[in-house]
Amino acid sequence: MKKTRVFYGWYIMLAGMAITVIHGALYVYGFGAFFIHFQNAFNASRAQIGLVLGLSRLEGGLVAPVSGFIIDRFGPRRPMIFGLILVGVGFIVLSRVDTLIMFYVIYVGLLATGSSFGSARPIQISLANWFIKKRSRAMGFLMTGFGIGGSLVFVYSWVIEALGWRSACVLSGVLILVVSIPLSLVIKHRPEDMGLLPDGETFPDSNQDISSENKEETQEPRVALDETNFTARQALATKAFWILALVYGTWSLVPPTITAHMIPYLQQEVGASPAIAALSLSAFAFISLFGRIPIGWIGDYVDLRYLLSALFVLMGVGLLILAQIKTTAFIPFALIIMGPAYGGSVPIRPALQGYLFGRMAFGTIGGLLQFFDLPAAIAAPVFVGWIADESSYRLGFQIVAGLIIFGSVAVLAAKPPPKILG
């Protein structure tokens with residue numbers, strides 16, 4: 003008998019994608035739209051505003067192993083609700099802040115901490131449990147939400163300009179509390195908890211008269227479920243884990259460089275208007291959509307290491323082009339190269355982790371990888387901002403591009419570790 007019901011894992015993906023649309027627009031990419039407003043409100047340098055992202059990465063790296071363990075142990079729903087409440091309340095409280103120190107405290111203590119529990123990580127952990135054979139494409143669909151959200155930054159920027167940044171913060175907090183929290187109720191931990199198997203597979207029925215067609219269907223779950231699964235301690239003992247930590251560290255340089263510094267770079271050094279600068283960041287996020295789903299789909303069929311390596315090279319080349327432009331007419335050339343490659347790398351990173359270490363400790367291992375990425379994640383927004391204060395953004399972009407190209411070579415050494423027996 004053919005399966006007719008939609009596999010519940012796809013509902014989790016859809017709800018998660020809606021949450022990431024909101025989070026991507028308001029928190030991830032939205033920071034760039036706030037950047038100059040924060041500078042003016044707190045009379046701060048670019049390095050000082052960039053520091054809040056560095057501190058957020060520090061918080062995220064310290065909390066990541068803990069949040070990953072909690073989600074692995076207790077499921078994603080309650081941590082997500084807790085995190086989303088922190089983010090929603092954090093935006094509202096941020097609207098009342100008048101000093102740089104309190105800006106750091108509220109942004110890191112509420113928004114960043116809430117994001118660690120209430121954004122992509124618990125949804126990724128859930129999807130890693132619900133999908134094995136279709137994991138890359140599920141991650142690709144999920145992370146499309148960030149691209150859609152980022153493509154709305156030019157609208158968000160208009161709202162900030164029209165209402166003022168403080169009113170925009172209040173509106174953002176209310177939206178998260180009213181919309182994102184109800185969506186999080188759809189997220190469930192593992193298919194086994196609902197009597198299901200990953201990928202919507204069916205349990206073999208020994209009493210069923212199996213035709214050749216049905217026999218093939220009942221054999222597939224055995225293949226899908228015969229996966230390598232490492233505990234966090236076992237993963238730490240492998241060469242692949244430390245190579246992956248290094249590679250993901252180079253990748254961690256890119257998001258804060260783009261989301262925090264692209265808009266001020268285009269305005270202050272290329273001569274773009276605020277509208278064109280915000281539209282460029284939105285265009286980057288929109289163009290990244292053309293990489294997230296197709297490349298996530300391709301990732302189910304090819305060696306993820308070679309795929310990620312190629313994407314890293316394209317990101318580096320695109321960033322080098324962005325660093326050289328003198329007029330706004332050349333912005334699209336950089337975005338067309340860099341956008342799809344960045345978008346494709348987003349779902350491939352967790353998919354590669356799942357391929358190497360399995361799904362049972364996915365959250366804990368992912369949290370540890372993020373913890374060891376801390377130096378790069380903290381340094382990037384502060385370093386690029388400091389370079390811009392002392393010289394120009396161009397040099398900072400060039401250095402980040404060189405490091406991401408280095409990561410394209412290193413990832414090739416992340417070979418699957420031997421299976422753990424017993």
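Just so you know, we're using the working numbering here: the sequence shown kicks off at 3 and counts up by one.
Backbone N, C-alpha and C fix where the C-beta goes; we use that ideal spot for every residue, glycine too.
- When the alpha-carbon of Tyr-13 is set against those of Phe-119, Ala-122, Leu-185, the nearest one is in Leu-185.
- Shown here, Phe-9 sits in coil according to DSSP, grouped into three states, outside any helix or strand.
- In this structure, Pro-258 lies near Ala-382, with their beta-carbon atoms less than 8 Å apart.
- Sequence-distant Cβ neighbours of Gly-62 in its own chain, meaning closer than 8 Å and more than five residues away, are Ala-114, Ser-117, Ser-118, Gln-372, Ala-379.
- Taking the C-beta atoms as reference points, Gly-356 is found no nearer than 8 Å to Gly-293.
- Counted as a single uninterrupted DSSP element, the stretch harbouring Met-362 is not any alpha helix (DSSP H), since DSSP gives it neither H nor E.
- Between the stretch 17-24 and the stretch 172-185, the count of C-beta pairs closer than 8 Å reaches three or more; the two stretches touch.
- Each residue's CA atom was taken as its position, placing Ala-336 and Leu-198 some 45 Å apart.
- Residue burial annotation: Tyr-267 is buried, with at least 16 other C-beta atoms found within 10 angstroms of its C-beta.
- With fewer than 16 other Cβ atoms inside 10 Å of its own Cβ, Met-196 counts as exposed.
- Excluding its 5 nearest sequence neighbours in each direction, Ile-367 has C-beta neighbours in its own chain below 8 Å: Gly-70, Phe-232, Ala-234, Ala-237, Phe-243, Gln-355, Phe-359, listed in chain order.
- Taken in chain order, no unbroken stretch of beta strand (DSSP E) lies wholly in the stretch 269-315 with a span of 3 residues or more.
- For the pair Val-384 and Tyr-395, the CB atoms are not nearer than the 8 Å cut-off.
- Contact check for Ser-275 against Met-264 fails: the beta carbons are separated by 8 Å or more.
- Across the structure, Ile-125 and Leu-28 are spaced so that their CA atoms are roughly 18 Å apart.
- Annotated three-state conformation of Ala-378 is helix, per DSSP.
- Per DSSP, reduced to three states, the secondary structure at Ile-134 is coil, with no helix or strand assignment.
- In the displayed model, Asn-45 falls within coil according to three-state DSSP, outside both helix and strand.
- Comparing alpha-carbon positions, the option among Ser-121, Leu-88, Ala-122, Ile-127 lying closest to Gly-111 turns out to be Leu-88.
- Contact between the stretch 394-412 and the stretch 303-319 is present: three or more C-beta pairs spanning the two stretches fall below 8 Å.
- By a beta-carbon distance limit of 8 Å, Asp-302 does not contact Arg-98. Their separation comes to about 47 Å.
- The residue among Leu-324, Gly-273, Thr-101, Ile-389 with its C-alpha nearest the C-alpha of Asn-45 is Thr-101.
- Taking 8 Å as the cut-off, the Cβ atoms of Ala-277 and Gln-269 do not count as close.
- A direct Cα-to-Cα measurement between Ser-290 and Ile-72 gives close to 31 Å.
- Collapsing the DSSP output to three states places Gly-63 in a helix.
- Between Val-91 and Gly-175 the beta-carbon gap is near 7 Å, inside 8 Å, which marks them as a contact.
- A distance below 8 Å separates the beta carbons of Asp-201 and Lys-136.
- In terms of Cα proximity to Val-30, the closest of Gln-41, Leu-313, Arg-7, Val-54 is Val-54.
- In the three-state DSSP reduction, Glu-392 falls in the helix class (H, G or I).
- Spatial neighbours of Leu-173 in its own chain (CB-CB distance under 8 Å, excluding positions within 5 residues in sequence) are listed in chain order as Val-161, Leu-165.
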